[in-house]
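Heads up: the sequence lines are chains A and B, in that order.
Counting from 3, one number per residue, gives the positions in the first sequence under the working numbering.
Counting from 3, one number per residue, gives the positions in the second sequence under the working numbering.
There are 2 protein chains.
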Amino acid sequence: MPVPKPMIKSAARAENERLILAAAEIVFADYGFKGATTGMIADKAGIPKANLHYYFPTKLALYRQVVENIFQIWLAAADTFDNYDDPEEALTRYISAKMDISRSHPMGSKVWANEILHKAPVIQDYLETTLCEWTNTRIAVIERWIAEGRMAPIDPRSLLYMIWSTTQHYADFNHQIHTLNHGEPLTDAQFTTAKETVVSIILTGVGIRKADVQSGGGQSANIDNMSQQTQFKKLNGEGA
Amino acid sequence: MPVPKPMIKSAARAENERLILAAAEIVFADYGFKGATTGMIADKAGIPKANLHYYFPTKLALYRQVVENIFQIWLAAADTFDNYDDPEEALTRYISAKMDISRSHPMGSKVWANEILHKAPVIQDYLETTLCEWTNTRIAVIERWIAEGRMAPIDPRSLLYMIWSTTQHYADFNHQIHTLNHGEPLTDAQFTTAKETVVSIILTGVGIRKADVQSGGGQSANIDNMSQQTQFKKLNGEGA
DNA sequence: TGAAGACTTGACCAAACGGTCAAGATGATA
DNA sequence: TATCATCTTGACCGTTTGGTCAAGTCTTCA
């Protein structure tokens, strides 16, 4: 019992804000900032609209809070990039983390995508400061890996964009993915396949893993060595 | 002079519809369906709002026309996939085409992205028919290439999603990319680097090209052999 | 118990928006 | 010139929506 009063005071407040933010994330994701109405959000949160405006004075303030929450989650995932100096380990974990967020938290990604699509009217400052710094430091890390001969000399910035776009696609475009999957969401197995394929193509693409081309006929024997130790397979002649 | 009257009749009409559609594409891309107003579109087209409604009775009808135009452009690009049976050639051309569209026609991609993000309220039928068929036939092609040992046994669907997301990222997220590029659009050189990097990572990633890891120190010597003939470089030891 | 603050809510308002309309302008045809 | 169809446009309307407000209810604490 460290904080008796000043925290009890906002017991109802905390719960209501949580409800509203959860509802807002879904509604903003599905309808965009303009398309979402405070009435819809209030309905989804199970409270009257006037009550929503008691906790969040304007629609914009609520939206901004939603976006900030998402950004925090992404920054946390980004740490995986820093905690390992081995490019295979770092990239594998980073890609996996971003894929997992796209599956567990798709609404957040959609809100972000919507915001960027419309020229970031409310989060431009994030882009210019936090995201810019984060990007530059990671580019430096990748450049070092390249200089050390630990991966192919690709353009680091393009690689980062590739990782972002590919992983977030599974959140932002999940409606399209579902539709192309007979209207059903991806099963856990399908999603795992997708994750492993993305990791495999990128790691192989930047020269960290080696390609596994079977000149014979076989179907797939999917790659699942995406963790600590990579078992390099022999690769057969391919050159012209 | 094959068609004298029945076409002259709509001379003004054709011109006005063109103006309106061009304005609508930009405004819908920047603000989404809900965020865009017919007044904004009319202003950008340089005509009164009532006149816009003379040519397009409802906002929805105008929007649908814009989306259909975009879809046609994409389908044309998709043909590049069919015209070559060599996976390197086909994938390189397809990726390049999609990258070029993202640069030359970013608004269209944004409108599409916005539509999918909001669960495709007006183009669901396209997803279920045309896009679904297109996807399945290309998956079959990729599976054949894999079976013939011409590329690594990756999941074809995940590969397609990867190509779509990566290439369209340069349109849908161009605001973010600009911001991370000191507020400037990518130069032609930067865009070319991006395109070559994407092609390189994906082709290497699926085992069509071989990685070029320089164990020494050098900076980059960027890959630019993205056309007909690939010059495979030696790749040095990497295994654990 | 009662006063003070925190929370709840139905009713309301002004602004913005999609769409209509009627009155006209323009242009082709005879 | 007269007629008719196409096109143009300012004014207008009903609806939706973000946000307000005043009249409550509930909780806490002396």
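Glycine is no exception: its CB is placed at the ideal position from the N, C-alpha and C atoms.
Predicted model, so just to flag it, every value in this text is computed and none were measured.
Taking the straight line between their C-alpha atoms, what separation do you get for alanine 24 of chain A and lysine 112 of chain A? Rounded to whole angstroms, alanine 24 of chain A to lysine 112 of chain A spans 14 Å at the Cα level.
Using the Cβ count rule (16 or more neighbours within 10 Å means buried), how would you classify glutamate 249 of chain B? Beyond the ends of chain B as shown, which are 3 and 242, falls residue 249 of chain B; an answer cannot be given.
Taking only beta-carbon positions, decide if isoleucine 22 of chain A is within less than 8 Å of chain B. No, no contact with chain B.
State the DSSP-derived secondary structure class of isoleucine 75 of chain B, mapped to helix, strand or coil. Isoleucine 75 of chain B falls in the helix class under three-state DSSP.
Does any residue of chain A have a CB that is nearer than 8 Å to the CB of glutamine 178 of chain B? Taking Cβ atoms only, chain A reaches closer than 8 Å to glutamine 178 of chain B, which makes this a yes.
If we define contact as Cβ-Cβ less than 8 Å, is tyrosine 163 of chain A a contact residue for chain B? Yes, its Cβ sits closer than 8 Å to a Cβ of chain B.
Okay, do the stretch 202-216 of chain A and the stretch 203-215 of chain B touch, 3+ Cβ pairs below 8 Å being the bar? At 8 Å Cβ cutoff, the stretches touch.
Any idea what DSSP makes of proline 2 of chain B, helix, strand or coil? Nothing can be reported for residue 2 of chain B: it is not among the residues displayed for chain B, which extend from 3 to 242.
Straight-line CA distance for isoleucine 148 of chain B to aspartate 87 of chain B? Approximately 13 Å, taken between the alpha carbons.
Identify, in the order they occur along the chain, each residue of the same chain with its Cβ nearer than 6 Å to the Cβ of asparagine 18 of chain B, setting aside the five sequence neighbours on each side. Closer than 6 Å at Cβ, skipping near neighbours: Tyr57.
Can isoleucine 22 of chain B and leucine 64 of chain B be called in contact, C-beta distance under 8 Å? Isoleucine 22 of chain B places its beta carbon less than 8 Å from that of leucine 64 of chain B.
Would you list, in sequence order, the uninterrupted alpha helix (DSSP H) runs of no fewer than 4 residues that lie entirely inside the stretch 150-215 of chain A? Runs found: 158-174, 176-181, 190-207.
Is alanine 31 of chain A close to the ligand NAD? I mean its beta-carbon at under 7 Å from any heavy atom of the ligand. By its list of ligands, the structure shown contains no ligand whatsoever, and the ligand NAD lies outside what it can speak to.
Against chain B, which members of the stretch 119-141 of chain A pass a CB distance test of less than 9 Å? Taking a C-beta cut-off of 9 Å against chain B, the contacting residues of the stretch 119-141 of chain A are Leu119, His120, Lys121, Ala122, Gln126, Leu129, Glu130, Leu133, Cys134, Thr137, Asn138, listed in chain order.
Specify whether the stretch 100-120 of chain A and the stretch 96-103 of chain B touch according to this definition: at least 3 beta carbon pairs, one from each stretch, less than 8 Å apart. Inter-segment contact for the stretch 100-120 of chain A and the stretch 96-103 of chain B is absent: fewer than three beta-carbon pairs are separated by less than 8 Å.
What does the Cβ neighbour count give for glycine 220 of chain A, buried or exposed, with the cut at 16 atoms within 10 Å? Any reading at glycine 220 of chain A must be qualified, since the residue scores a pLDDT of 39, below 50, and its modelled position is unreliable; the value itself is stated next. With fewer than 16 other Cβ atoms within 10 Å, it is exposed.
Pair within 8 Å by beta-carbon distance, leucine 161 of chain B and isoleucine 144 of chain B: Yes, Cβ-Cβ distance for leucine 161 of chain B and isoleucine 144 of chain B is below 8 Å.
Length of the line joining the Cα atoms of arginine 152 of chain A and leucine 205 of chain A: If you take the alpha carbons of arginine 152 of chain A and leucine 205 of chain A, they lie about 11 Å apart.
Under three-state DSSP, which class holds asparagine 18 of chain B? In the structure shown, asparagine 18 of chain B sits in a helix (DSSP, three-state: H, G or I).
Should serine 167 of chain A and serine 106 of chain B be called a contact, given that it needs their Cβ atoms to be closer than 8 Å? Going by C-beta atoms, serine 167 of chain A is not nearer than 8 Å to serine 106 of chain B.
For methionine 101 of chain A, would you say it is in contact with chain B, using Cβ-to-Cβ distances shorter than 8 Å as the test? The beta carbon of methionine 101 of chain A does not come within 8 Å of any beta carbon belonging to chain B, so the residue lies off that interface.
How big is the Cα-Cα spacing for lysine 46 of chain B and asparagine 116 of chain B? Going from the Cα of lysine 46 of chain B to the Cα of asparagine 116 of chain B covers about 20 Å.
Using a Cβ-Cβ cut-off of less than 9 Å, list which residues of the stretch 40-61 of chain A approach chain B; keep chain order. Hits within the stretch: zero.
Aspartate 190 of chain B: buried (16+ other C-beta within 10 angstroms of its C-beta) or exposed? It is exposed - the Cβ of aspartate 190 of chain B has fewer than 16 other Cβ atoms within 10 Å.
So isoleucine 204 of chain A contacts chain B; which residues on that side make the cut at Cβ distance below 7 Å? For isoleucine 204 of chain A, the C-beta contacts it makes with chain B under 7 Å involve Ile203, Gly207, in order along the chain.
Taking the alpha helix (DSSP H) that proline 50 of chain A belongs to, which residues open and close that run? Premise fails: proline 50 of chain A is in no alpha helix (DSSP H) and is neither H nor E.
How is histidine 55 of chain A classed by DSSP in three states: helix, strand or coil? Of the three classes helix, strand and coil, the one that applies to histidine 55 of chain A here is helix, per DSSP.
Sub-8 Å separation of threonine 94 of chain A and valine 201 of chain A beta-carbons: Yes; because the gap between Cβ atoms is below 8 Å, this pair is in contact.
Below 7 Å between beta carbons is the criterion; list the residues of the stretch 24-37 of chain B that meet it against any residue of chain A, in chain order. So the close ones are Asp32, Tyr33, Gly34, Lys36, Gly37.
Compare the C-beta of valine 143 of chain B with all C-beta atoms of chain A and state if any pair is closer than 8 Å. For valine 143 of chain B, the nearest beta carbon of chain A is not closer than 8 Å to its own beta carbon.
How many angstroms separate the CA atom of tryptophan 136 of chain A from the CA atom of glycine 207 of chain A? Looking at the two C-alpha atoms, the distance is approximately 23 Å.
Comparing the C-beta of leucine 182 of chain A with each C-beta of chain B, is any distance below 8 Å? Interface residue, yes.
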